[in-house]
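See below for the structure under consideration.
In mature numbering (1 follows the signal peptide of the UniProt record, and there is no 0), the protein residues as written are -23 to -1, 1 to 331.
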């Protein structure tokens, strides 16, 4: 009898631990952690998915008729669609890093962001711009010392995504957290980011293929924003998300893995260097991106992004010392080895369609 009870207890504990570490059959993460800065992280299971897009310019031009055809022809770096295996689970920030969290980091660490340290500042929105005199049709100006993570030219609360942060600023934050907490923080790879953004989907967005479906899950360029950029009004979604600029993180519905703002609000730095032909030679297991380069990848789109460029597969890039009023970050926290050891007998998530 004692043997049976002991066996039952072991089975119960094994199942309980498995539930904490792995996704269920629907792929829903089952646990979360919070760190010393108040950042919440959701467990993303190991698994496989199809990365990239093979939609032709003809298809995209038909479904996005307001865009010039050349824009659809410029998306070749999303191909070929290729199989990727994420071999280890990881914790991903449930939200983008906020202004308040970044401030706490600066106060505790003494780190000086690049926009302040080099004296050149960042970019910001100029409410007094004249659209008839703007070559690019927008109201952004910079670099200017008056713009930095503190000020992007519009009102932001502590619960909004921090902007005007460089890739190097993001790395500094991950290193400081890693040393402080004894667990490894880093930026997600481009593959990890798209895997988490898709959350088991193969549609253009986590919300489906229709750009208008983004209104439910994303703060992007829509009817509330187009009044500030009349030249680009044709590219705005017809719906309203009630924000012309950034929104508090988590203001919209999450994807099926409980991750918020994977589309829109702020572009998110990832760890990879960019190469337009990388997908053709990408390894299957845990691709890390090119070994070198000039520009780093950013993903997801921002509050100012048009729907074509907010798709899960869309790739964009800027230099690592760039700081802009559209770009923020989301951190990854690695699962400690003592926890990943449970994967030996566990299941991983398969999200590749038949």
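Every residue gets a Cβ at the ideal spot worked out from N, C-alpha and C, and that includes glycine.
Rounding to the nearest angstrom, what Cα-Cα distance links residue i and residue j in this structure?
| i | j | result |
| --- | --- | --- |
| residue 55 | residue 251 | 12 angstroms |
| residue 304 | residue 127 | 13 angstroms |
| residue 164 | residue 294 | 15 angstroms |
| residue 14 | residue 42 | 44 angstroms |
| residue 49 | residue 22 | 33 angstroms |
| residue 226 | residue 35 | 35 angstroms |
| residue 145 | residue 90 | 9 angstroms |
| residue 17 | residue 200 | 31 angstroms |
| residue 71 | residue 156 | 21 angstroms |
| residue 123 | residue 210 | 28 angstroms |
| residue 153 | residue 67 | 19 angstroms |
| residue 103 | residue 118 | 7 angstroms |
| residue 85 | residue 95 | 21 angstroms |
| residue 162 | residue 186 | 33 angstroms |
| residue 64 | residue 25 | 8 angstroms |
| residue 205 | residue 220 | 12 angstroms |
| residue 335 | residue 208 | Any question about residue 335 goes unanswered here, given that the chain covers just -23 to 331. |
| residue 306 | residue 73 | 6 angstroms |
| residue 87 | residue 149 | 11 angstroms |
| residue 131 | residue 224 | 11 angstroms |
| residue 51 | residue 257 | 16 angstroms |
| residue 176 | residue 57 | 20 angstroms |
Below 8 angstroms on the Cβ atoms is my contact criterion, and I expect residue i with residue j to pass it. Report the Cβ-Cβ distance as a whole number of Å.
| i | j | result |
| --- | --- | --- |
| residue 46 | residue 38 | 5 angstroms |
| residue 213 | residue 203 | 4 angstroms |
| residue 147 | residue 244 | With a Cβ gap of about 12 angstroms, residue 147 and residue 244 do not count as contacting. |
| residue 261 | residue 61 | 6 angstroms |
| residue 27 | residue 236 | Actually they are not in contact, since the Cβ atoms of residue 27 and residue 236 sit about 19 angstroms apart, beyond 8 angstroms. |
| residue 276 | residue 170 | 5 angstroms |
| residue 266 | residue 167 | 6 angstroms |
If I measure Cβ to Cβ from residue i and keep anything under 7 angstroms in the same chain, skipping five residues before and after, which residues do I get?
| i | result |
| --- | --- |
| residue 188 | 214, 284 |
| residue 120 | 97, 98, 99, 100 |
| residue 143 | 91, 297, 298, 299, 300 |
| residue -13 | Any reading at residue -13 is ruled out, since the residue's pLDDT is 40, under 50, leaving its predicted position unreliable. |
| residue 270 | 250, 251, 252 |
Under the DSSP definition of a beta bridge, which residues are partnered with residue i?
| i | result |
| --- | --- |
| residue 9 | 19 |
| residue 411 | Absent from the structure is residue 411, since the part of the chain shown begins at -23 and ends at 331. |
| residue 196 | 241 |
| residue 102 | 117 |
| residue 26 | 61 |
| residue 125 | 128 |
| residue 283 | BP columns for residue 283 are empty, so no partner. |
| residue 273 | 250, 295 |
| residue 311 | 67 |
| residue 107 | Note: residue 107 sits in no beta bridge, so no partner. |
Output needed for residue i: all residues of its chain with C-beta closer than 8 angstroms, excluding positions within five of it in sequence on either side, in chain order.
| i | result |
| --- | --- |
| residue 272 | 250, 251, 294, 295, 296, 297 |
| residue 75 | 135, 136, 137, 138, 139, 226 |
| residue 288 | 30, 181, 182 |
| residue 313 | 160 |
| residue 254 | 54 |
| residue 6 | Legend: pLDDT at residue 6 = 37, less than 50; position of this residue unreliable, value from coordinates given subsequently. Excluding residues within five positions, the ones whose Cβ falls inside 8 angstroms are -1, 19, 20, 21, 22, 234, 235. |
| residue 286 | 278, 293 |
| residue 311 | 65, 67, 68, 160, 161, 162, 163 |
Who are the Cβ neighbours of residue i in its own chain at under 6 angstroms, not counting the five residues just before and after it?
| i | result |
| --- | --- |
| residue 106 | 116 |
| residue 279 | 243, 244, 303 |
| residue 193 | 184, 230 |
| residue 301 | 100 |
| residue 309 | 67, 69, 163, 165 |
| residue 263 | 64 |
**Prompt:** For the stretch 139 to 184, which segments carrying the alpha helix (DSSP H) assignment without a break, of at least 4 residues, lie completely within its bounds, in sequence order?
**Reply:** If only uninterrupted alpha helix (DSSP H) runs of at least 4 residues are considered, those enclosed by the stretch 139 to 184 are 144 to 158, 167 to 175.
**Prompt:** Where are the alpha helix (DSSP H) runs, 4 residues long or more, that stay fully inside the stretch 64 to 98, in chain order?
**Reply:** 76 to 86, 91 to 94
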